[in-house]
Every structure is written in C-alpha cells, then in structure tokens.
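Heads up: the sequence lines are chains C and P, in that order. Going from the first sequence to the numbering used here is simple: count from 1 and add 119. Going from the second sequence to the numbering used here is simple: count from 1 and add 119. Ideal Cβ placement from N, Cα and C applies to all residues, glycine included.
There are 2 protein chains.
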Amino acid sequence: MKHGKPMMAPSESGIGKRRTAAREDSSVSHQQRRKEIGEAAIRVFNRMGFQRASMTAVAAELNIDRASLYYYISSKEELFDEIVRTVVERNVALAQKIQASDMRPRRKLSDLIIALMSSYGEHYPLMYIYIRENLSNVSDKRSEWSRYMRDLNRQMSDAVIAIIEQGYADKSFRNVGSSKVVAYGVLGIVGWTHRWFRPAESDVSAEEIGKIYAEMVLAGLESPY
Amino acid sequence: MKHGKPMMAPSESGIGKRRTAAREDSSVSHQQRRKEIGEAAIRVFNRMGFQRASMTAVAAELNIDRASLYYYISSKEELFDEIVRTVVERNVALAQKIQASDMRPRRKLSDLIIALMSSYGEHYPLMYIYIRENLSNVSDKRSEWSRYMRDLNRQMSDAVIAIIEQGYADKSFRNVGSSKVVAYGVLGIVGWTHRWFRPAESDVSAEEIGKIYAEMVLAGLESPY
DNA sequence: GCCCTAGTCAACAGATACGTTGATTTTATC
DNA sequence: GATAAAATCAACGTATCTGTTGACTAGGGC
C-alpha cells in the first residue's frame with residue numbers, strides 16, 4: 120500500500136503544496152465547500168451504501184471532477200466518519216443525561232425513545248447510513264474509528280439497560296425478561312426505522328413515531344378490557 | 120462485461136466442457152460438495168459481509184483453491200441467493216398461515232414473533248446475513264433477486280399489518296398508532312436481534328427471546344399496579 | 001497586464017476482485 | 001494397473017476502485 124498522504128512530500132511541485140494546503144485550509148469558503156461535499160457524499164452513501172459508493176459517484180453528484188474532490192478532502196473515510204461521530208456522540212450524551220436524571224423510569228424510557236427518533240429525523244439520512252454500516256465488516260484503515268463507534272454503541276445500550284433495571288428495581292416495570300434483551304428490543308424498534316422511514320414521503324413525523332413506540336413499549340398493545 | 124458463462128462455449132477444450140458439466144451435475148456427491156461450499160460461504164459472509172467477502176476468502180475457508188470453487192459453482196451470487204430465498208419464503212409462508220388462521224390477534228402476534236425468532240436461531244447465521252444485506256444497494260446482476268426478495272419482505276409486513284388491524288378492529292388491541300408503524304416496530308424488535316444475538320454464546324435461546332418480546336409487545340413494560 | 005486560486009483534465013500506479021483457462025497432479029474406481 | 005473424475009496450479013483478461021500527479025484553464029482582484 121502506497122496510498123495516503125506522503126510523509127515527507129518528496130516530489131511535491133508547486134501545485135502539490137497548494138493541494139495539501141487547500142485540504143488544511145480552514146477559511147470560511149473552504150469549510151463551506153467541504154460541507155457541501157460532505158452533504159453530497161451523504162446523499163450518495165444513502166443511495167448506494169458506504170462501500171459501494173465510489174468517489175466517482177460523489178464527484179458526479181456535485182457535477183465536478185474527482186480530482187476536485189481530492190482538492191478539498193483526503194479520503195473517503197474522512198468524508199464520512201467525522202460527521203457521523205459527532206452526531207452519535209451527541210445522542211449517547213443525551214441518553215446518558217436522561218438515564219442519570221431524577222425522572223422516573225417510565226418517563227426516562229419514553230423521553231429517550233422520542234428523543235432518538237427525533238434525532239434520526241433531524242439528521243436524516245445520516246444516522247440511518249450509520250446504522251446500516253456494519254462496524255464489524257469495516258476496512259482495516261477504519262478499525263480505530265469502528266472500535267470507537269462500537270464503544271459509543273455500548274454506552275447507548277448501557278444507558279437503556281440501566282433504565283430498564285431501575286424500572287425493575289422500583290417495580291414500576293414488570294420483569295418480562297433480561298434487561299439486556301429488553302433494552303435491545305427497545306433500541307431495535309427505534310433503529311429499525313432505518314428500513315422504512317423516509318421523512319420526505321412520510322405522513323407521520325419522526326417525533327410521532329417516537330410517541331407511538333414509547334406508548335407501545337410501555338403500555339403494550341393488548342387491550343386491558 | 121465479458122464475464123459469465125459463454126453462450127456458445129466457443130473455445131471450450133475437453134476440460135472446459137467437463138467443468139460446465141460438473142456445475143450442472145446433480146449427483147449426490149456433487150450436491151453434497153455444493154452444500155459444503157454453501158455453508159462455508161455463509162460462514163465467511165457472516166464474518167465479512169456479502170460485499171466484502173471475496174471468493175478467495177471462501178476458498179480459504181475450505182482450504183481449497185479458488186478454481187476448485189468454480190468447479191462447482193458459477194458465481195458468488197448463486198452461492199448465496201438461492202439458499203436465502205428458500206428460507207425467507209418459508210418464513211413468509213408461515214407468517215401468512217398464522218395471519219389467515221382463526222386464532223385471536225393476540226395469539227397470532229405472539230406465535231409469529233416466537234416463530235420468527237426460532238427460525239432465526241435455527242438457520243443462524245443465514246437469516247441475519249440476509250437482514251444485513253441491503254436490498255437497495257445491490258449490484259445490477261442481482262436486481263431481479265433483490266426485487267423478488269423485497270416483495271417477500273412486503274408480504275411479511277403485510278401479514279403483520281393485517282394482524283394488527285384485526286386486533287384494532289375487534290378491540291383486542293389498543294390503537295396506539297398506525298398499523299404500519301406498529302407492525303414495523305414489531306418486526307424491528309425481532310430483526311434487530313441480528314445485531315447482538317449469537318446463539319453459541321448466548322445463555323438465552325432464540326425461542327426464549329421470542330417469548331420475552333411477545334410479552335413485551337402485547338402487555339407492555341409498565342406495571343399495572 | 002499580472003498573479004493567485006479554484007477547478008479541470010488526462011493519465012498513472014497500486015490494489016483487489018471476478019471468473020476463465022489449459023496443463024498438471026492427485027485420488028478413487030473398475 | 002489403467003481410466004476417469006476431482007482438485008490444483010499458475011496465469012490471464014477485464015473491470016473497478018482509490019488516491020496522486022503535473023500541466024492546464026478560467027476568473028477575479030490588484
């Protein structure tokens with residue numbers, strides 16, 4: 120493998136230097152252009168999946184040359200990993216905050232489900248691309264990123280598990296089974312929306328879906344009469 | 120594209136003919152070998168994902184040469200698509216049978232959740248590989264297969280939706296929201312197990328998970344006291 | 001006019017993959 | 001031991017992708 124930015128810039132002519140400079144340029148116009156590229160890339164990743172999406176396709180999305188892409192960014196991963204990370208970090212922090220609050224378990228779980236769904240809707244389709252990403256099947260270059268993301272996932276699960284256990288402990292939840300299995304079930308309902316929820320074409324909002332699921336998980340489908 | 124089996128076998132020497140013959144050979148020993156190859160491939164697909172898994176890796180799994188693989192099978196897709204199809208078809212048929220039965224909605228939903236989980240456990244990891252496959256992001260060659268599989272998915276959803284609606288109609292279910300959203304939620308809980316359930320390392324069986332989820336979906340988490 | 005930057009073009013190197021091929025070796029069967 | 005099938009080997013052709021490179025163009029500002 121001889122890819123990646125050369126360490127010593129051995130044969131960098133004038134333009135080579137200019138390119139590396141451009142990639143590190145933090146001026147407003149460059150940041151803006153990078154943002155545009157990132158958004159286009161996300162659209163492409165959403166349509167084709169991260170692996171299948173080629174840089175050629177991303178360039179085509181913007182109607183620019185592939186070389187122009189590399190004028191601003193340095194790799195396909197960079198284009199994606201960082202944006203995803205920040206949003207996931209935010210969701211995890213939110214879950215932990217809810218879990219640590221002094222609300223009652225019922226309210227915590229409900230709030231978390233609704234908050235997660237709202238986040239998915241707000242950042243559509245970013246979070247869904249991430250959910251589809253299989254962190255186990257990732258190229259070696261991205262192993263560090265994937266380890267970190269897996270850790271974030273674990274923190275999210277832990278927060279939900281803690282809420283379930285609190286509910287079991289104070290008897291506000293019926294113990295239907297292992298807190299882990301239940302927590303994964305809750306996250307599954309929410310995560311699975313990546314399969315069918317398309318905000319633009321949906322007559323029900325992300326938040327409304329969250330409310331339905333919160334109600335369903337907490338009170339169940341069965342009629343009490 | 121010049122891949123694929125040539126239509127007229129223009130330059131096929133003796134061995135060429137023998138190879139094509141071997142691929143179509145339906146003798147017991149050949150079927151057996153093909154099955155072994157299929158199972159090895161599934162293990163590899165499970166570890167690396169369908170796209171990333173190379174035929175080289177599949178050959179390595181069996182400690183045989185790549186050419187020997189192509190002695191029995193003719194493409195990566197063939198190796199996978201057909202096995203998956205039969206299992207999914209079976210699950211859909213099962214769901215439709217449950218839906219059309221004269222049981223009450225509560226029982227139908229419970230049975231279906233448990234049956235699906237059992238099937239996932241029984242055919243592990245086949246169904247989970249399929250769930251991870253994104254039918255939208257599939258190569259052109261497989262478009263026909265993916266269209267058909269999407270149709271099966273739709274039939275599965277439709278069966279669940281019908282059960283929910285029956286429950287809404289006879290008032291045995293509380294109407295917590297659109298039957299579609301609820302049905303996808305139910306399928307989400309079950310489908311999401313692909314993310315964490317590993318039969319070999321789990322102290323809870325697939326069926327038990329199904330029971331927990333059936334209970335959770337029907338009666339909810341909230342304590343009635 | 002001059003310069004600088006953004007962006008383009010065409011080509012390249014390196015990697016990996018799929019599926020094929022002909023010759024050759026191993027293995028089993030008669 | 002001869003014969004035929006199973007399996008291997010090494011190589012090929014084609015395709016696709018990533019990231020790089022150097023020369024080039026277009027446009028704005030001074």
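What are the boundary residues of the alpha helix (DSSP H) that includes residue i?
i          : result
Asn-272(C) : 262 to 288
Asn-222(P) : Residue identity check: residue 222(P) is Met in the sequence provided, not Asn. Here Met-222(P) belongs to no alpha helix (DSSP H), and DSSP marks it neither H nor E.
Leu-254(C) : Neither: Leu-254(C) is in no alpha helix (DSSP H) and is coded neither H nor E.
Val-177(P) : 174 to 181
Ala-365(P) : Since the first residue of chain P shown is 120 and the last is 344, residue 365(P) is not available in this structure.
Ala-302(P) : 298 to 310
Ala-185(P) : One detail in the question is off: residue 185(P) reads as Arg in this sequence, not Ala. Counting along the chain, the alpha helix (DSSP H) containing Arg-185(P) begins and ends at 185 to 191.
Taking just the CA atoms, how far does residue j sit from residue i?
i          : j          : result
Ser-238(C) : His-149(P) : 52 angstroms
Ala-319(C) : Arg-314(P) : 27 angstroms
Glu-334(C) : Ala-141(P) : 58 angstroms
Val-163(C) : Gly-310(C) : 21 angstroms
Glu-326(C) : Val-203(C) : 21 angstroms
Ile-331(C) : Leu-235(C) : 13 angstroms
Val-301(C) : Asp-184(C) : 49 angstroms
Thr-139(P) : Asn-165(P) : 29 angstroms
Tyr-267(C) : Glu-180(P) : 29 angstroms
Ser-324(P) : Ala-160(P) : 25 angstroms
Gly-157(C) : Asn-253(C) : 20 angstroms
Lys-299(P) : Asn-272(P) : 13 angstroms
Tyr-191(C) : Tyr-303(P) : 41 angstroms
Asp-230(P) : Glu-143(C) : 58 angstroms
Ser-173(C) : Leu-198(P) : 26 angstroms
Ile-280(P) : Tyr-287(P) : 10 angstroms
Lys-136(C) : Thr-205(C) : 30 angstroms
Gly-339(C) : Tyr-243(C) : 28 angstroms
Ser-194(P) : Ser-146(P) : 20 angstroms
Arg-225(P) : Asn-182(P) : 50 angstroms
Lys-121(C) : Val-295(P) : For Lys-121(C), the predicted model reports a pLDDT of 33, less than 50, meaning its position is unreliable and no value from the coordinates is stated.
Arg-293(C) : Met-246(C) : 31 angstroms
Phe-169(P) : Ser-291(C) : 44 angstroms
Ile-328(C) : Ile-233(C) : 8 angstroms
Glu-284(C) : Ala-212(P) : 38 angstroms
Val-336(P) : Leu-337(C) : 9 angstroms
Ile-282(P) : Asp-322(C) : 22 angstroms
Arg-171(C) : Leu-306(P) : 27 angstroms
Glu-241(P) : Arg-317(P) : 12 angstroms
In the DSSP output, which residue or residues are listed as bridge partners for residue i?
i          : result
Glu-341(C) : Phe-292(P)
Let me confirm a value: residue i is counted as buried when at least 16 other C-beta atoms fall within 10 Å, else exposed. Which label applies?
i          : result
Glu-341(C) : buried
Met-127(C) : Only weak support is given to the placement of Met-127(C): the predicted model assigns it a pLDDT of 36, under 50, and the question is left unresolved by the model.
Arg-209(P) : exposed
Ile-308(P) : buried
Tyr-344(P) : exposed
Ala-219(C) : exposed
Arg-223(C) : exposed
Ala-186(C) : exposed
Ser-265(P) : buried
Val-207(C) : buried
Arg-251(C) : buried
Asp-200(C) : buried
Thr-175(P) : exposed
Ser-255(C) : exposed
Ile-134(P) : exposed
Ala-178(P) : buried
Arg-152(C) : buried
Lys-227(C) : buried
Ser-262(P) : exposed
Gly-123(P) : Only weak support exists for where Gly-123(P) lies, its pLDDT of 34 falling under 50; the value from the coordinates is given anyway. Exposed, since its Cβ has fewer than 16 Cβ neighbours within 10 Å.
Ser-276(P) : buried
At 4 residues or longer, and completely inside the stretch 195 to 235 of chain P: list those alpha helix (DSSP H) runs for me, N to C. Within the stretch 195 to 235 of chain P, the complete alpha helix (DSSP H) runs of at least 4 residues are 195 to 219.
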